Each structure stands twice: as C-alpha cells, then as structure tokens.
Amino acid sequence: MDLKHIADEAGRDLETASAQDILRWAVDTFGDGFAIASSMGDGLLAHLAGSVAPGVDILFLDTGYHFAETIGTRDAVASSYDVNVRTVLPLLTVQQQDEEYGAQLWDRDPTQCCAMRKVEPLARALEPYVAWGSGVRRDEAVTRRNTGVVEWDFKRKKVKVNPIATWTQADVDAYVERHGVLVNPLAYDGYPSIGCAPCTHRVAPGEDPRSGRWSGQAKTECGLHV
Ligand code: SF4
Numbered sequence: 014m015d016l017k018h019i020a021d022e023a024g025r026d027l028e029t030a031s032a033q034d035i036l037r038w039a040v041d042t043f044g045d046g047f048a049i050a051s052s053m054g055d056g057l058l059a060h061l062a063g064s065v066a067p068g069v070d071i072l073f074l075d076t077g078y079h080f081a082e083t084i085g086t087r088d089a090v091a092s093s094y095d096v097n098v099r100t101v102l103p104l105l106t107v108q109q110q111d112e113e114y115g116a117q118l119w120d121r122d123p124t125q126c127c128a129m130r131k132v133e134p135l136a137r138a139l140e141p142y143v144a145w146g147s148g149v150r151r152d153e154a155v156t157r158r159n160t161g162v163v164e165w166d167f168k169r170k171k172v173k174v175n176p177i178a179t180w181t182q183a184d185v186d187a188y189v190e191r192h193g194v195l196v197n198p199l200a201y202d203g204y205p206s207i208g209c210a211p212c213t214h215r216v217a218p219g220e221d222p223r224s225g226r227w228s229g230q231a232k233t234e235c236g237l238h239v
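Last residue of the sequence shown: 239 (our numbering), numbering continuous.
What follows is the structure in structure tokens.
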C-alpha cells in the first residue's frame with residue numbers, strides 16, 4: 014500500500030467532504046490501523062468519531078502537567094462517548110525528568126520538554142497504526158493554514174487525517190451547541206487553547222486564541238503537528 018499516494022489523492026478528493034465522510038473514509042480505508050489524537054480541549058472529535066466509527070481508538074497524551082479540568086474532560090469523554098480512550102504516558106515521570114534534567118524544564122527548554130512528554134510518546138503510541146487523526150484547523154494559526162483534510166505525515170510516515178481542518182470557530186461552536194458536546198471547562202474561563210498548565214495562560218477576549226500557549230517564548234507549536 015503506497016500510503017503517501019493514498020494520502021495525496023484523498024486530500025484532493027475529500028477537500029470539500031463533510032467531517033463525517035472524511036472520518037468514514039479513514040475507517041473504511043484503514044480499519045483498526047486508524048486512531049485519533051485528542052488533547053481534550055473538548056470532546057468534539059471524539060463525538061464525531063464515535064458516531065461514525067464506534068469504538069475507535071482515541072489517544073490522549075498525559076504529559077503529567079495537565080490541568081485537572083483536562084483530565085476530567087478525558088474521563089467524561091471516555092465514559093460518555095462510544096470511543097476507546099487510551100492514555101499515553103511519557104517514558105519519564107515528572108519527578109524522574111526533574112532529577113535528570115532539572116526542575117521546570119518547560120521554562121528553560123520547552124522544545125526538549127515537549128519532545129519527551131508529547132512528541133516521543135505520540136510516535137510510540139502511533140507505532141501500531143498506519144493513519145492518525147487530529148482536530149487541527151486551518152483558522153487556528155498561520156502555521157496551520159495549509160493543513161490538508163488528509164495529508165502525508167512525512168515525519169512519521171503515516172497518513173494524517175484532519176476532518177475539521179476547514180472548520181471555523183463558529184462551525185465548532187455550532188456543532189458543540191447542537192450536540193451538547195463535552196467541553197473542557199477552562200474554555201469558558203479564558204483558555205480558548207488548552208495545553209499543559211505551566212505553558213498555558215489566560216487570554217483576553219478578542220486576543221489570538223493561541224497567544225496563551227508558551228506566551229513570552231518564540232515557541233508556537235509543541236511539535237505534534239509540524
Ligand atoms: Fe513541557 Fe510545556 Fe511542552 Fe507540556 S507544553 S510538554 S509542560 S514544554
């Protein structure tokens with residue numbers, strides 16, 4: 014199976030397809046070889062996937078630095094939606110990392126911290142799969158503007174499926190309201206983009222939603238989607 018060819022072709026063919034049809038294509042094409050990564054900012058992708066592909070694997074990277082609300086959202090999604098939430102842990106606990114690299118590595122070298130607590134764990138978790146899904150959207154950041162609904166993940170040599178890549182924040186809000194989707198409570202408390210607690214700050218209304226991530230640092234992406 015030439016995965017890159019499949020990804021390129023599907024990216025063109027499915028550009029205007031609905032998120033449900035994109036997910037259906039992924040499950041029909043890859044079966045159990047498809048999983049979805051979720052940061053549990055909300056349960057939208059899990060809700061969508063559960064309605065199209067009951068029992069699909071949802072990967073949650075537990076960095077050890079999450080807000081309690083994010084862990085609570087994961088648990089609520091796992092018990093409410095027809096999906097299989099799998100929690101993925103880094104190789105080192107926070108304490109082991111502190112002992113080996115010093116405390117608060119996220120402040121001194123967030124790229125290395127993300128590499129150990131997000132990038133490596135996702136790569137390890139994705140080993141059994143040939144394709145993975147994410148909730149990345151084009152309107153979230155300049156770095157995401159060219160996101161394909163299906164694309165070739167060159168770094169991981171896998172097909173990447175972004176079913177809501179073309180959605181706007183208004184589309185997300187409408188879907189959440191229509192279906193009563195679970196949302197991380199922090200989203201209603203000034204955190205429109207939610208990552209690890211030490212690296213996520215409140216943003217003022219009208220500010221760039223992602224400006225609260227690694228604020229004060231040049232970093233804008235954790236490395237999962239670049
Ligand atoms: Fe570490 Fe911050 Fe990256 Fe989380 S977001 S893994 S705390 S640098």
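Even glycine gets a Cβ: it sits at the ideal position worked out from N, Cα and C. On a predicted model such as this, the values are computed, not experimentally measured, just so you know.
For the ligand SF4, is there any heavy atom lying closer than 7 Å to the beta carbon of residue i?
i, result
"R87", "no"
"G208", "yes"
"R215", "no"
"R130", "yes"
"P205", "no"
Taking only heavy atoms of the ligand MN into account, decide whether any of them is closer than 7 Å to the Cβ of residue i.
i, result
"Y78", "Ligands displayed in this structure: the ligand SF4; the ligand MN is not among them."
Can you give me the C-alpha to C-alpha distance between residue i and residue j, rounded to a whole angstrom?
i, j, result
"S51", "A154", "18 Å"
"D186", "F80", "22 Å"
"N97", "K173", "19 Å"
"L43", "A200", "First, the amino acid is wrong: residue 43 is Phe here, not Leu. Those two C-alpha atoms are separated by around 33 Å."
"Y188", "G115", "43 Å"
"Q117", "D111", "7 Å"
"Y78", "A89", "19 Å"
"A183", "D152", "11 Å"
"D75", "H18", "33 Å"
"A23", "Q109", "43 Å"
"F73", "M53", "8 Å"
Can you tell me whether residue i is helix, strand or coil according to DSSP?
i, result
"L195", "coil"
"I35", "helix"
"W180", "coil"
"E113", "helix"
"E164", "strand"
"D55", "strand"
"R157", "helix"
"R151", "helix"
"D15", "coil"
Residue i bridges to which residues according to DSSP?
i, result
"V98", "I71"
"T83", "Paired residue(s): none; T83 is not in a bridge."
"G146", "I49 and V174"
"T240", "Nothing can be reported for residue 240: it is not among the residues displayed for the chain, which extend from 14 to 239."
For residue i, which of the options has the nearest alpha-carbon?
i, options, result
"D15", "Y78, A144, L27 and G148", "A144"
"A66", "I49, L74, E82 and V107", "I49"
"S64", "S31, E220, W38 and Y94", "Y94"
"L57", "R87, G161 and D41", "R87"
"R130", "D120, T106, G148 and E140", "T106"
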